[in-house]
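Numbering (UniProt numbering), first residue to last: 1 to 267.
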């Protein structure tokens, strides 16, 4: 299975957190104290990222991996823990995994939060080019440009949190990272957004240059139950943890209440 960790009360509603391309479950670390007081939180690493081996991919050959493959690995985690339904929040590619599940396996998703994500991450060619570069040279060539894509400012890229995530990128398995690029390249959920019925929060970053606010607006407009919230942040919205935390907790509390699920009080 994907490497993962669990925090929070065992009897609390389950919440799965999906990371972005190039990072690990650590991208959610600033929000874990608040989220795990009220939910049973599962954070996972994508194949080839963190402590998840690239060998988990069913077809790691170039061009073969899909977002559906990644979603199946997440469902295997939920099945392992006996979770028929769970809340899901994901950043960027992690959000795409959740959106795929909500569109194709709606009975499994209690609520959905898409953070700085997209229904289509642009044309496939640049993603295939990045995959080829990483297969040839590893992730080192990405270390110079990623801070500008991930964070809203130079100061935001020079923090312990940012340095931890850049270390994750440096340590990513080239085969796993490239396969995830292939998944992004082939991802286009625009025609299936109307199938998402779970209460959905779409969070966009007003300073996000990787998935600008237009991507968030398209998601919110295409999902019948989608609500849009824009934050003053870059692509990795967890760099603004208090704002993202407040938006997520409000959304999750409302979704849990509407479904009749008991959520432990804060504190």
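Even glycine gets a Cβ: it sits at the ideal position worked out from N, Cα and C.
Computed from a prediction, not measured in an experiment: that's the story for all the values here.
Neighbour-count burial assignment, residue i, 16 or more Cβ in a 10 Å radius
i: residue 125; result: exposed
i: residue 4; result: buried
i: residue 214; result: exposed
i: residue 71; result: buried
i: residue 59; result: exposed
i: residue 141; result: exposed
i: residue 158; result: exposed
i: residue 113; result: buried
i: residue 100; result: buried
i: residue 24; result: buried
i: residue 52; result: buried
i: residue 163; result: exposed
Where residue i sits in the DSSP three-state scheme
i: residue 194; result: helix
i: residue 148; result: helix
i: residue 66; result: coil
i: residue 57; result: coil
i: residue 15; result: strand
i: residue 331; result: Since the displayed the chain opens at 1 and closes at 267, residue 331 lies outside it and no answer follows.
i: residue 77; result: helix
i: residue 268; result: Residue 268 cannot be examined here, being either before or after the span of the chain that is shown, 1 to 267.
i: residue 28; result: helix
i: residue 252; result: helix
i: residue 95; result: helix
i: residue 2; result: coil
i: residue 20; result: coil
i: residue 154; result: coil
Opening and closing residue of the alpha helix (DSSP H) in which residue i lies
i: residue 163; result: 160 to 171
i: residue 35; result: 32 to 35
i: residue 8; result: Where residue 8 is concerned, there is no enclosing alpha helix (DSSP H), given that its DSSP letter is neither H nor E.
i: residue 182; result: 174 to 185
Distance between beta carbons of residue j and residue i, contact taken as under 8 Å
i: residue 15; j: residue 252; result: 7 Å
i: residue 69; j: residue 183; result: 7 Å
i: residue 151; j: residue 234; result: 5 Å
i: residue 190; j: residue 135; result: About 28 Å separates the two Cβ atoms, so there is no contact after all.
i: residue 35; j: residue 41; result: 5 Å
i: residue 231; j: residue 243; result: 5 Å
i: residue 208; j: residue 116; result: 5 Å
i: residue 222; j: residue 193; result: 3 Å
i: residue 176; j: residue 47; result: 5 Å
i: residue 179; j: residue 65; result: 4 Å
i: residue 248; j: residue 89; result: 6 Å
i: residue 87; j: residue 246; result: Wrong, their Cβ atoms sit about 16 Å apart, outside the cutoff.
heavy atom of the ligand SAM below 8 Å from residue i C-beta
i: residue 34; result: Ligands in the displayed structure: none, and consequently the ligand SAM is not present.
Terminal residues of the beta strand (DSSP E) in which residue i lies
i: residue 43; result: 40 to 44
i: residue 90; result: 86 to 91
| field | Runs of beta strand (DSSP E) lying entirely within the region 191 to 240, each at least 3 residues, in chain order | value | 200 to 205, 226 to 231
| Which whole runs of the beta strand (DSSP E) in the region 102 to 130 are 3 residues long or more, in chain order? | 109 to 115
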